[in-house]
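For the sequence shown, this note's numbering begins at 163 and goes up steadily by one. Each residue gets a CB set at the ideal place from its N, CA and C atoms; glycine is no exception. Keep in mind the model is a prediction, meaning the values are calculated, not measured. Beneath this line is the structure, given in structure tokens, with notes to follow.
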Amino acid sequence: MTDNHLQRQKILGVVAIAFFVTACSIAPSSPPKQLKSEPNSVSIPENPATSQANPQSQPAAKVENLTFSVPAKFQGKTVYKVQPSNSDKVIALTIDDGPWPKTTLEMLDILKQNDVKATFFWVGSALEAHPEIAKRVVAEGHAIGNHTWHHWYRKMDEATAKSEIERTAQLMYKTTGVKTSLFRPPGGFLNNGLAAYAKSQKQSVVMWSVTSADTDPHAKPQAFVNNVLKGAKPGAIVLMHDGGGDRYRTVKALPEMIRGLKQQGYRFVTVPQLLSMEN
């Protein structure tokens with residue numbers, strides 16, 4: 163009895179070891195299934211410090227790296243419009259303060275339907291909150307500019323101005339692979355330290371020559387359309403917004419704005435494309 167009992171224990175032990183070895187050889191195939199079921203598990207860092215400390219927090223697959231540079235004559239300069247060669251009827255739509263939920267997505271749909279490329283000036287804090295929208299903007303071929311982290315108007319010292327711009331630039335790159343030399347100061351304020359820092363980095367401070375005035379709380383969408391169609395000129399830079407508040411009126415105005423400009427014979431270019439067309 164005792165010998166049989168010992169022999170049975172040995173057999174059970176061998177079976178248990180075989181099972182354990184087999185289980186270990188199968189285990190590595192299971193993690194990929196978990197990764198596939200969690201497409202959003204790799205997210206944008208909450209802040210630059212986090213992204214530096216944890217490289218694995220960066221997206222596993224980025225849009226191909228892009229650099230929106232500017233011609234030498236516009237480096238460290240303020241630009242309101244461009245004089246295109248042969249008075250070519252080109253115009254650049256610029257969109258500030260996003261990426262923003264709902265509004266940016268709706269505007270992207272309209273731009274895509276009309277085969278129009280625009281230039282988006284991003285606020286860093288909005289980018290941090292909506293990285294997935296930012297990735298779509300870049301993937302669909304639009305140009306990107308820096309619009310600071312907090313969208314502050316107040317006067318700031320050089321260190322603060324640097325942080326506002328560089329923190330946003332860093333997150334833009336980590337999120338989308340984009341580097342840009344386009345900068346727009348919030349509110350168009352040129353004397354609060356931001357534009358000076360941007361120019362010191364040979365960036366182009368991009369202003370505008372035509373505003374939709376879509377931040378006017380009392381205006382109707384048709385007023386935005388009229389403002390742009392009346393102010394349009396070859397080489398113009400148009401200002402509108404997709405973020406910073408409820409921009410449903412801008413979304414409503416955009417299709418008619420595009421249609422009206424096309425009827426006037428304009429074709430749409432990004433700001434980098436426009437700068438390259440200067441006489």
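Buried or exposed (CB count within 10 angstroms, at least 16 for buried), residue i
{"i": "R346", "result": "buried"}
{"i": "R170", "result": "Because R170 sits at a pLDDT of 49, beneath the cut-off of 50, its placement in the model cannot be relied upon, and the following sentence gives the value as read from the coordinates. Classification for R170: exposed."}
{"i": "D271", "result": "exposed"}
{"i": "Q384", "result": "exposed"}
{"i": "R329", "result": "buried"}
{"i": "P263", "result": "exposed"}
{"i": "D478", "result": "One cannot answer for residue 478 here, as it falls past the ends of the chain, which runs 163 to 441."}
{"i": "A280", "result": "buried"}
{"i": "S247", "result": "exposed"}
{"i": "N441", "result": "exposed"}
{"i": "Q365", "result": "buried"}
{"i": "H309", "result": "buried"}
{"i": "L197", "result": "Residue confidence is low: L197 scores 26 on pLDDT, short of 50, so the model does not pin down where it sits. Its coordinate-derived value is still stated next. Flag for L197 reads exposed."}
{"i": "G427", "result": "exposed"}
For residue i: DSSP bridge partner residues
{"i": "T310", "result": "DSSP lists no partner for T310."}
{"i": "T256", "result": "T281, L401"}
{"i": "F430", "result": "I253"}
{"i": "L228", "result": "V340"}
{"i": "E440", "result": "P246"}
Residue i (DSSP reduced to helix, strand or coil)
{"i": "D442", "result": "The requested residue 442 does not occur in the structure, where the chain is confined to residues 163 to 441."}
{"i": "A398", "result": "strand"}
{"i": "D271", "result": "helix"}
{"i": "V241", "result": "strand"}
{"i": "P261", "result": "coil"}
{"i": "A222", "result": "Here A222 scores only 35 on pLDDT, less than 50, and its place in the model should not be relied on; the value that follows carries that caveat. Residue state, collapsed to three classes: coil."}
{"i": "P293", "result": "helix"}
{"i": "E302", "result": "coil"}
{"i": "P246", "result": "strand"}
{"i": "P233", "result": "coil"}
{"i": "S203", "result": "Model confidence at S203 stands at a pLDDT of 23, short of 50, so the residue's coordinates are unreliable; what they give is reported in the following sentence. Coil."}
{"i": "R421", "result": "helix"}
{"i": "R409", "result": "coil"}
Whole-Å CB distance - residue i paired with residue j, under 8 Å assumed
{"i": "D103", "j": "T412", "result": "The first residue shown for the chain is 163 and the last is 441, placing residue 103 beyond what the model contains."}
{"i": "F236", "j": "T342", "result": "Not a contact, Cβ separation roughly 13 Å."}
{"i": "Y315", "j": "F351", "result": "5 Å"}
{"i": "V252", "j": "V400", "result": "Their Cβ separation, rounded to whole angstroms, is 12 Å, which puts V252 and V400 out of contact at 8 Å."}
- prompt: Curious, which full-length beta strand (DSSP E) runs of at least 3 residues does the region 316-391 contain?
  reply: 340-342, 366-368
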